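See structure below.
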Amino acid sequence: AALSRAGGELSFTFVGLGPGGAFVCGWTLVLAYVAVCAFEAVALPTVVSYLAPGGFEAGLLYEVAGWEVHLSWVLTGVAGAVAVGAANYFGIRFAAFVQRLAVASL
């Protein structure tokens, strides 16, 4: 290993660019990870709506820029986020098993 300490990208950036660069790197990583969670929470219900057309839009909550937001979409997104979080909570072996199972089911 090039650096003999934990921290990944943050440690590498701190050594290369100093505390200012590490600060920017840290906040960029936080925002990127949050954006991925938000994307997944929207993408999963979209996929489900394509697989089950017509019967998935239940419980209209509101409309944003011409797009209807339904309770079924919100609950599916939250359930997906909780499922991914739970899989990761139980460790890398369990998460790898879940990933292999998901790929095999395709």
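Numbering (this note's numbering), first residue to last: 249 to 354.
For glycine and all other residues, C-beta sits at the position ideal for the given N, C-alpha and C.
Quantities reported herein were computed from a predicted structural model and do not represent experimental measurements.
Taking the CA atoms as reference points, ALA280 sits about 14 angstroms from LEU258. Contact between the region 269-286 and the region 301-311 is absent: fewer than three C-beta pairs spanning the two stretches fall below 8 angstroms. Taking C-beta atoms as the reference points, ALA270 and ALA329 fail to come closer than 7 angstroms.
Around GLU305, the same chain offers HIS318 as residues with beta carbons nearer than 6 angstroms, after the five sequence neighbours per side are excluded. Membership of GLU305 in any beta strand (DSSP E) is not indicated, and neither H nor E is assigned to it by DSSP. Leaving aside the five residues that flank GLY274 on each side, the residues in its chain whose CB is nearer than 6 angstroms to its CB run, in chain order, LEU258. In the structure shown, the three-state DSSP call for LEU299 is helix. For a cut-off of 8 angstroms, the C-beta gap from LEU354 to GLY325 is around 21 angstroms, too long to register as a contact. Looking at GLY307, GLY266, GLY303, ALA331, the one whose alpha-carbon comes closest to that of ALA350 is ALA331. DSSP places LEU354 outside any alpha helix (DSSP H), giving it a letter other than H or E.
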